Structure formats: C-alpha cells, structure tokens
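This report concerns only the one structure given below.
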Amino acid sequence: MDMKIRKARAEDYEAVNAIIRMGQEEHADALPDRFARLDHVVAMGWYRSFSDQINKVILVAEIQESVVGVAMLEMKKSPAFEALVNRSYAYLNELAVASDFQRKGIGTKLYEASKEWAEERKASSLELNVWEFNERAVAFYHSLGMNTINRTMNVNLNE
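Here the sequence shown is numbered in this note's numbering, starting from 36 and rising by one per residue.
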C-alpha cells in the first residue's frame, strides 16, 4: 500500500469532510446532547483558513490519488494569565482515517507528520482533546506516547 502525506488542496474539501463526518457521526451517537449531525462538519471558510498559512495546516493521507485520512493542526499560544507559563504549542483539531483504511498505520503516519510539523514550528508540545467515550482513540494516543494532563467534568442540570 503506497501512501503519501501531503498538504490538503482546495479540491480535497469534500473528501476531508466525508472522513471527518464519520467521526462526527460516532460522536453524535455517543453524545447526542453535544454533537450535531451535519453534512459538512468542516465549514468551507474554516477549511480555507488553513490553506497557505504558516501556523495552520491540513495534512491528508493519500492512497492511489484518494484521500483516506486527515489531520488538521494549528499553532496556539497559552492564555495571558500570570499563573500560566507563556508557551506556544500545536493543537491537533482533527485526526481521522476513513473506516476502510483504519488499523493500517495511516493514523500513526498522520500523527507522526503532525508532530514533525509542530517541531518545525518550535512548538513546546502537541495537544488535542479526546472524548472519554472514545476508548479506541484514547488507547491510540496513549500508544503514541501522549498523556492525559487534564479532564473536563460536568453534571447535567436539565434532567
């Protein structure tokens, strides 16, 4: 399986959306009070905001000229609070692989390319959010050496 990782192009928009929508559906199934069902999870304006930027990128995994995976990253700075250390870090907004291509190393390659992109920009870390129900994703990120550093907790008040 000959795969390459490259920067996304405008014509990849529909393929990128289709891949991310699969994950959105899983999230909407698990947490319908949090995640909507959408045809286009990634708005065109947001997608375009990642093109030709030094501090944002969409990486795609391509096999035989078909997009089979996607990673969306951007550089961020810590909030300007005295209690926090000033730092610049890379944030992985999305990492998704088409269902037919999962468990073939594509997600790992996209993660490695994301980490490399972050290192090139002198990021102090690569960070992301993962939902507790998504045990496969949690295990995947742990297997790559990522650690949990905080947890968001809530209580529903409308029940």
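Beta carbons are placed, not taken as given, at the ideal position from N, Cα and C, and that holds for glycine.
Since the structure is predicted, the reported quantities are computational estimates derived from the model, not experimental observations.
Buried or exposed for residue i, please, with buried defined as at least 16 other CB atoms from any protein chain shown within 10 angstroms of its CB.
{"i": "residue 39", "result": "exposed"}
{"i": "residue 99", "result": "exposed"}
{"i": "residue 65", "result": "exposed"}
{"i": "residue 131", "result": "buried"}
{"i": "residue 77", "result": "buried"}
{"i": "residue 107", "result": "buried"}
{"i": "residue 125", "result": "buried"}
Considering only C-alpha positions, which residue in the set the options is nearest to residue i?
{"i": "residue 163", "options": "120, 129 and 140", "result": "129"}
{"i": "residue 112", "options": "159, 187 and 118", "result": "159"}
{"i": "residue 168", "options": "107, 69 and 76", "result": "69"}
{"i": "residue 182", "options": "161, 188, 47 and 80", "result": "161"}
{"i": "residue 156", "options": "170, 175 and 123", "result": "123"}
{"i": "residue 143", "options": "101, 50 and 179", "result": "179"}
{"i": "residue 133", "options": "148, 102, 79 and 119", "result": "102"}
{"i": "residue 109", "options": "46, 127 and 48", "result": "127"}
By how many angstroms is the C-alpha of residue j removed from the C-alpha of residue i?
{"i": "residue 135", "j": "residue 151", "result": "26 angstroms"}
{"i": "residue 56", "j": "residue 36", "result": "24 angstroms"}
{"i": "residue 166", "j": "residue 63", "result": "12 angstroms"}
{"i": "residue 41", "j": "residue 95", "result": "6 angstroms"}
{"i": "residue 72", "j": "residue 58", "result": "10 angstroms"}
{"i": "residue 172", "j": "residue 114", "result": "27 angstroms"}
{"i": "residue 185", "j": "residue 92", "result": "25 angstroms"}
{"i": "residue 191", "j": "residue 60", "result": "22 angstroms"}
{"i": "residue 44", "j": "residue 89", "result": "15 angstroms"}
{"i": "residue 177", "j": "residue 74", "result": "30 angstroms"}
{"i": "residue 145", "j": "residue 154", "result": "14 angstroms"}
{"i": "residue 52", "j": "residue 105", "result": "9 angstroms"}
{"i": "residue 97", "j": "residue 175", "result": "21 angstroms"}
{"i": "residue 67", "j": "residue 46", "result": "31 angstroms"}
#### Entry: Meets three-Cβ-pair contact criterion under 8 angstroms: the region 78-85 and the region 134-144
Short answer: they don't touch.
### Message
Just to confirm the assignment: which complete beta strand (DSSP E) runs, minimum length 3, are found wholly within the region 47-130?
### Response
Restricting attention to beta strand (DSSP E) runs no shorter than 3 residues, the region 47-130 encloses them at 91-98 and 101-112, ordered along the chain.
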